[in-house]
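Protein chains: 2
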Amino acid sequence: MEKAHDVLIRNLGEHTKLAAEDVAEIRALTFTQRDFAPNEDFIRQGDEPEHSALVVSGMVARYHLLGSGRRQYLAFHLSGDLPDSQGLFIDQMDHALCALGPATVAFIPHRELFIAFRRRPTFGQAVWRETLRDAAIFREAITNNSARPMQARMAHLCCELFYRARVAQLVRGNRCRVPISLTQLGETLGMAIATVNRTLAELRRTGTMDLREGELIVLKWRELQRLGDFNPAYLHLKPQLVR
Amino acid sequence: MEKAHDVLIRNLGEHTKLAAEDVAEIRALTFTQRDFAPNEDFIRQGDEPEHSALVVSGMVARYHLLGSGRRQYLAFHLSGDLPDSQGLFIDQMDHALCALGPATVAFIPHRELFIAFRRRPTFGQAVWRETLRDAAIFREAITNNSARPMQARMAHLCCELFYRARVAQLVRGNRCRVPISLTQLGETLGMAIATVNRTLAELRRTGTMDLREGELIVLKWRELQRLGDFNPAYLHLKPQLVR
DNA sequence: CGTCTTCTTGACCCTTTTCAAGCGCAGTGG
DNA sequence: CCACTGCGCTTGAAAAGGGTCAAGAAGACG
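If you're matching them up, the sequences are chains A and B in order.
Counting from 1, one number per residue, gives the positions in the first sequence under UniProt numbering.
Counting from 1, one number per residue, gives the positions in the second sequence under UniProt numbering.
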C-alpha cells in the first residue's frame with residue numbers, strides 16, 4: 001500500500017522543501033500497517049519505543065494517565081502526522097497513544113529512520129521540525145487551558161482541529177470527522193463534562209459551529225476564530241488559504 | 001569566558017553520552033554573551049531567530065502574550081538550558097523569552113550550529129533530545145494546569161524547579177534561587193494572584209516548602225512530591241540521587 | 001520621607017463542579 | 001420481537017472553589 005508514504009510526504013512537505021532524493025528515501029521506508037479500533041491503545045506510558053508511528057487514516061490521541069485514573073489528553077493527530085516522533089530519542093514513553101475513532105497506523109523501526117536521516121539530513125530535519133511543531137501545539141494547549149475561559153477553549157480547540165484537517169485535505173465543505181466524545185473533550189480542555197455539553201450547546205445555539213456524532217461543522221469560521229482567539233501562526237505551516 | 005561551554009556540556013551530558021570529539025566541537029563554538037536585567041525580554045514573539053540562546057546563569061522564562069495583555073508563562077530555564085532550541089527550525093517565534101531575575105545568556109548563530117551538527121551528528125542529536133525534553137515538560141504543564149487542583153499545581157511546579165535545579169547543581173542545602181513574583185506564578189499556573197498567595201501560605205503553614213524573596217526552600221521533599229503528584233520520569237534525565 | 005510595587009488578607013460573588021435523574025440508542029440475549 | 005443493559009448525551013439544582021474587588025502592610029527606591 002502506497003498511502004502511508006504519500007501522507008507522510010504530503011505532511012512533511014507542508015513545512016519543508018523535500019528534494020526528489022528525500023522523497024525517494026521516504027518511499028524506500030518499510031512500513032508495517034495496522035488497523036485499530038476506537039479507543040484502542042497502541043503505545044503505553046512506560047513503553048520503550050523502537051518504532052515510530054505514522055497516522056495513515058483516522059485520528060489518534062496522546063494522553064497522560066493520572067494516578068486517579070483520569071486521563072489528560074495532550075494532542076490529536078491526523079493522517080500524515082508522526083504522533084510519537086517524540087519517542088525517537090526518548091528512553092521511556094511518558095504518555096500513551098490511542099486511536100480516537102477507527103484508525104490506521106503505520107510503524108517504522110527507529111533503526112531504519114536513523115539510517116535514512118544519515119543519508120538524507122533534510123529528511124531528518126523535516127522530522128525534527130515536525131517534533132518542534134508538536135511542541136508549539138503543546139505550548140498553545142498550555143495557554144488555552146490555563147488562560148482562556150471555557151467557551152474560548154472549546155472554540156480554539158475546534159479551530160485548530162478544523163484548520164489542520166483542512167491542511168490535511170480532510171475537510172469537505174464545512175465539515176470534518178472528529179470522532180471524540182464529550183468525556184474526552186472534557187479531559188482535553190480541563191473542564192467537567194456538564195460544562196463541555198453546555199459550552200457546545202451554546203456554540204450550537206448561536207450557529208457558530210456544531211460538534212456531534214463525531215463530526216465537526218464550522219458554520220461561522222471567522223466568528224469561531226474570534227471567540228477562540230485563534231491565530232494559526234503557531235502551527236508553522238505555509239500560509240493557507242482561509243475562507 | 002569558558003563558563004558557557006561548560007554549562008552546555010554539563011547539561012547535554014545529563015542525557016547524552018558525548019565523545020571527546022563532540023566536546024571539542026562544542027568548545028569551538030563562539031558564543032556572544034550578554035547580561036540581562038530582571039524581566040528584560042531578549043526574544044520577542046514574531047522574531048525570526050538567527051541565533052540560539054544558552055542560559056549561562058540565572059533563570060529565563062518563555063511566555064505567550066495574549067490579546068488582553070495577559071501573559072501565559074510556558075516554561076522556565078536554568079543554566080545549561082537552550083531555551084530557544086525550538087527556534088532552530090522555525091520561521092517565526094510564537095512565544096517570547098525574558099530573564100526572570102538577572103541572567104546571563106550566550107548566543108550562537110544558527111549557521112554555526114548547523115555546521116557543527118553536520119560534523120558531529122551526536123551533538124545534533126543531543127540538541128534534538130533537548131528539544132524533546134522541552135516538549136515533555138510542556139506536556140506535563142498541560143496536565144498540571146488542566147487536571148490538578150491548585151495546591152497540587154503549585155507543589156508540582158516547585159518540585160520540577162527544585163529537581164532541575166539540583167541536577168544543574170544550583171541547590172545548596174534545601175534551597176535554590178527562583179526569582180519569580182506571585183503575579184508570574186499566577187500567570188504560569190493559571191490562577192489568580194490571591195489564590196497563589198493563599199496556596200503558598202498553606203504550604204508554608206504546613207512546613208512543606210517556602211517560596212519567598214526569590215528563594216525556594218523545600219522542607220519536606222517527599223511530602224511535596226506527594227502533594228504535587230510529581231514523578232520526574234518525564235524529565236528524561238539519568239536517574240538522580242534523591243534525598 | 002514619600003511613592004511605588006509587591007505581598008497579604010478579608011468579603012463577596014460568580015463560574016464551574018458535583019450530583020442526580022432522565023433520555024435515546026445500540027447491542028445482547030431471552 | 002422485545003425487554004434489558006450499558007453508554008453517551010442532556011439538563012436541573014445545589015455546592016464549592018476560586019475569581020474579583022478593595023484595602024492595608026511591608027519593603028524598595030529615589
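Think of the CB as a built atom: it goes at the ideal place given N, C-alpha and C, for glycine as much as any other residue.
Under the three-state reduction of DSSP output, Pro121(B) falls in the helix class.
By the Cβ rule, the segment 109-119 of chain B does not count as touching the segment 56-70 of chain B, because fewer than three pairs are nearer than 8 Å. Contact between Leu78(A) and Ala168(A) holds, with the beta-carbon distance rounding to 5 Å and staying under 8 Å. By DSSP's assignment, Ala53(A) forms a beta bridge with Phe107(A). If only complete runs of 3 or more residues are kept, the segment 169-235 of chain B shows the beta strand (DSSP E) at 175-177, 209-212, 215-218, in order along the chain.
Burial check for Gly46(A): the Cβ neighbour count within 10 Å stays below 16, so the residue is exposed. With respect to Leu132(B), Gln86(A) sits close: the two C-beta atoms are nearer than 7 Å. Val127(A) and Leu66(A) have their C-alpha atoms spaced approximately 29 Å apart.
At the C-beta level, Leu161(B) and Val178(B) come within 7 Å of one another. For His5(B), the secondary structure class from DSSP, reduced to helix, strand or coil, is helix.
For Asp134(A), the C-beta contacts it makes with chain B under 7 Å involve Ala135, in order along the chain. Here Ala20(A) is exposed: its Cβ has fewer than 16 other Cβ atoms, across all protein chains shown, within 10 Å. Look at the segment 12-77 of chain A and you find these whole runs of alpha helix (DSSP H), each 4 residues long or longer: 20-27. Taken atom to atom, the span from the alpha-carbon of Ser68(B) to that of His15(A) is near 30 Å. By the Cβ rule, the segment 147-166 of chain A does not count as touching the segment 25-43 of chain A, because fewer than three pairs are nearer than 8 Å. If you draw a 10 Å sphere on the C-beta of Arg205(B), you find fewer than 16 other C-beta atoms in it, and that means exposed. Flagged as an interface residue toward chain A: Trp128(B), by a C-beta distance shorter than 7 Å.
For Arg139(B), a Cβ of chain A is located within less than 7 Å of the residue's own Cβ.
The beta carbon of Gly214(A) is closer than 8 Å to those of Gly101, Arg177, Val178, Pro179, Ile180 in its chain, skipping five residues each way along the sequence.
Between Met150(B) and Thr188(B), the C-beta spacing is not below 7 Å. His236(A) places its beta carbon less than 7 Å from that of Ile90(B).
Within the segment 142-153 of chain B, contact with chain A at the beta-carbon level (separation under 7 Å) is assigned to Ile142, Thr143, Asn145, Ser146, Ala147. Here DSSP, grouped into helix, strand and coil, assigns Leu157(A) to helix. Neighbours of Thr131(B) across chain A, judged by C-beta separation under 8 Å: Trp128, Thr131, Leu132, Ala135. Residues of the same chain with a CB within less than 6 Å of the CB of Glu50(B), apart from the 5 flanking positions on each side, are His110 in chain order.
Excluding the 5 residues flanking it on each side, Ile217(B) has same chain C-beta neighbours closer than 8 Å at Asn174, Arg175, Met209, Asp210, Leu211, in chain order.
The distance from the Cβ of Arg119(B) to that of Glu25(B) is about 6 Å, consistent with a contact at the 8 Å cut-off. DSSP places Leu113(A) in the helix class (H, G or I) of the three-state scheme. The DSSP-derived three-state label of Leu132(A) is helix. For Tyr234(B), the chain A residues whose Cβ falls inside 8 Å of its Cβ are Asp94, in order along the chain. In this structure, the straight-line span from the alpha carbon of Leu88(B) to that of Asp134(B) is close to 13 Å.
In terms of beta-carbon proximity, Leu54(A) stays away from the interface with chain B, with every pair separated by 7 Å or more. Under the Cβ distance rule, Gln33(A) does not count among the residues neighbouring chain B, no pair being separated by less than 7 Å. Here Ser57(B) has Ser79, Ala103, Thr104 as same chain residues with Cβ atoms under 7 Å from its own Cβ, once five neighbours each way along the sequence are excluded. Between Tyr234(B) and Asp94(A), the CB-CB gap stays under 7 Å.
From the beta-carbon of Gln72(A), the residues of chain B found nearer than 7 Å are Ile142, Thr143, Ser146, Ala147.
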